[in-house]
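Enquirer:
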Amino acid sequence: MMASRASRHEESWLLLPWLANGRLPLAERAALEEHLRECAACTQELAQQRLLCQVLTAPENLAAVREAIENAGFTIDSSELTMLPKTTVEVADEGDAKKVLRLMDQLEDNDDVQDVYANFDIPERVLEAVAG
Ligand SMILES: [Zn+2]
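Under our numbering, the first residue of the sequence shown carries the number 1074, and numbering increases by one thereafter.
1. Can you grab the Cα-Cα spacing for the pair Asp1185 / Asp1178, in whole Å?
2. Which of helix, strand or coil does DSSP assign to Asp1182?
3. Which whole-angstrom value is the C-beta distance of Ser1151 and Arg1139, which I expect to be below 8 Å?
4. Are the CB atoms of Val1128 and Ile1142 nearer to each other than 8 Å?
5. Please report how far the alpha carbon of Asp1182 lies from the alpha carbon of Ala1191, in whole angstroms.
6. At a cut-off of 7 Å, would you count Ser1206 as near ligand 1, judging by its Cβ distance to the nearest heavy atom?
7. Taking the alpha-carbon positions, what's the Gly1095 to Leu1154 distance?
8. Heavy atom of ligand 1 less than 7 Å from the Cβ of Cys1126, yes or no?
9. Can you tell me where the alpha helix (DSSP H) with Pro1090 in it begins and where it stops?
Structure (structure tokens):
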């Protein structure tokens, strides 16, 4: 007998944290991913939980925080130093957005550039217009 849609959702919901932190066995993963394709609520919850698994700290605390997380039994996918803007600048003009994105591409393609940080904020509708 097939599980009802509601109980399938209940089961899947409970497994989401394990999918988010990468500890879900492969066998359960396939069924859960199948449910995610048709369930907006679970998909949204998974996105939330993935965010919760991101930890931000001051650069000088990075090593200590890494160690504490690992000692607590979690697996760290990646840790890196980054630059987070305190303020962002909206680029709402399509022409400007194109120029900014072209500049970012060129910087990222440049072998002499290691990392690119930016504080521009291009609204979704402008991004779509520029991409389209
Ligand atoms: Zn669901």
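Cβ coordinates follow ideal geometry from the N, Cα and C atoms, glycine included.
Expert: In short, the structure shows the following:
1. Walking along the sequence shown from the start, residue 1185 turns up at place 112. Walking along the sequence shown from the start, residue 1178 turns up at place 105. One C-alpha to the other measures close to 13 Å.
2. The count along the sequence shown starts at 1 and reaches residue 1182 at position 109. Three-state result, Asp1182: helix.
3. Mapped onto the sequence shown, residue 1151 falls at position 78. Mapped onto the sequence shown, residue 1139 falls at position 66. No, Ser1151 and Arg1139 are not in contact; Cβ-Cβ is about 11 Å, not under 8 Å.
4. The sequence position of residue 1128 within the sequence shown is 55, counting from 1. The sequence position of residue 1142 within the sequence shown is 69, counting from 1. Closer than 8 Å, so yes.
5. Your numbering for residue 1182 matches position 109 in the sequence shown. Your numbering for residue 1191 matches position 118 in the sequence shown. Distance between the alpha carbons of Asp1182 and Ala1191 is about 15 Å.
6. Lying before the first or after the last residue shown, residue 1206 is absent from the chain, which here runs from 1074 to 1205.
7. Walking along the sequence shown from the start, residue 1095 turns up at place 22. Walking along the sequence shown from the start, residue 1154 turns up at place 81. Rounded to the nearest angstrom, the two C-alpha atoms are 22 Å apart.
8. For the purposes of this step, residue 1126 is identified with residue 53 of the sequence shown, where counting begins at 1. Checking the Cβ of Cys1126 against ligand 1 gives no.
9. As a first step, residue 1090 must be located in the sequence shown, where it is residue number 17. Looking at the DSSP string, the run of the alpha helix (DSSP H) that includes Pro1090 is Arg1078 to Ala1093.
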